[in-house]
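Here the structure comes first, spelled out in structure tokens, and everything after it is commentary.
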């Protein structure tokens, strides 16, 4: 079914809020933690939040596919699909740190039509759609204009880069050139870039449900979102988000972490 891009953006925001608020009900409640086959943690909060989002979408967009971190893909042949991460930053969530979020994107193929990121524990919502802008709690969001790496704030989810030593070395070079380097990234780091509170956010590995919502958010705020190879995509398996002024310089430094 056809839908206006503004309607899709509004729907992405609505379902992100709905699922995120469900997850928030479990936050800091001492819930049990299970381990998935890939070694990552999952909780009843992740599963309940995603199921809530799926039910909401099935009722309103019955012809669309859904890809979610916890329950996989439905209707894989659908022209349009919703991509869900009920709790991005589950490890952060488990430890009671509020910098986790619920991510929702809607896409046709690899073209993202709208994306929303909701951070229930700190009451921040950012939503975007190509050509329509990026909005942070209802106001226009914009990346910073900082053009000096020596004055920049750079962020990463895990600075150890345990699976990618070359990327780790490139990150350390970047962080040493910057004014300030911080972790506790996950999706909150991308919000900070999109709202001008940081200049760079880097991840060594991203699944589609991690990245799909973030690409339009960064781009519509005036920034640049690519994989480590410099390709503009949310499906490259890793990610670099920057303001526009530092995009070229940051990728030059990090390029040493990508095999030639």
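In my numbering, the protein residues as written are 713 to 972. Where a beta carbon is used, it is the ideal one built from N, C-alpha and C, also for glycine.
Proximity of the region 726-745 to the region 794-801 meets the contact definition, three or more beta-carbon pairs being nearer than 8 Å. By the neighbour-count definition (other C-beta atoms within 10 Å, threshold 16), residue 758 is a buried residue.
Per DSSP, residue 867 lies in no alpha helix (DSSP H) segment; the continuous beta strand (DSSP E) that holds it begins and ends at 865-868. If you draw a straight line from the Cα of residue 934 to the Cα of residue 854, it comes to about 6 Å. For residue 837, the enclosing beta strand (DSSP E) starts and ends at 836-841.
The Cβ atoms of residue 959 and residue 857 do not sit closer than 8 Å to each other. When DSSP assignments are scanned along the region 782-851, the uninterrupted stretches of beta strand (DSSP E) that are 3 or more residues long and fall wholly within it turn out to be 784-786, 792-800, 813-820, 823-831, 836-841 and 845-848.
Judged by DSSP secondary structure, residue 777 falls within the beta strand (DSSP E) whose first and last residues are 777-780. DSSP lists 912 and 936 as the beta-bridge partner residues of residue 954. As for any beta strand (DSSP E) of minimum length 3 sitting wholly inside the region 855-895, the runs are 865-868 and 892-894, ordered along the chain. For residue 747, the enclosing beta strand (DSSP E) covers residues 745-747.
In its chain, beyond the 5 residues on either side, 889, 890 and 891 have a beta carbon closer than 8 Å to the beta carbon of residue 862. DSSP places residue 774 outside both helix and strand once states are collapsed to three, so it counts as coil.
In the displayed model, residue 971 falls within coil according to three-state DSSP, outside both helix and strand. Minimum Cα-Cα distance from residue 917 among the listed residues 849, 764 and 952 corresponds to 952.
By the Cβ rule, the region 836-852 does not count as touching the region 869-878, because fewer than three pairs are nearer than 8 Å.
Here residue 906 is buried, its C-beta having at least 16 other C-beta atoms within 10 Å.
Judged by DSSP in its simplified three-state form, residue 752 adopts coil rather than helix or strand. The three-state secondary structure of residue 942, taken from DSSP, is coil.
Out of 776, 780, 781 and 782, the CA that lies nearest to the CA of residue 789 is found in 776. Judged by pairs of C-beta atoms under 8 Å, the region 762-770 does not touch the region 744-751, as fewer than three such pairs exist. By the CB criterion at 8 Å, residue 819 and residue 793 fall inside the cutoff. Distance check between residue 887 and each of 868, 781, 931 and 715 places 868 closest, using alpha-carbon atoms only.
Straight across, the Cα-Cα distance linking residue 903 with residue 914 is about 12 Å. Ranked by Cα distance from residue 964, the options 729, 938, 721 and 946 are led by 938.
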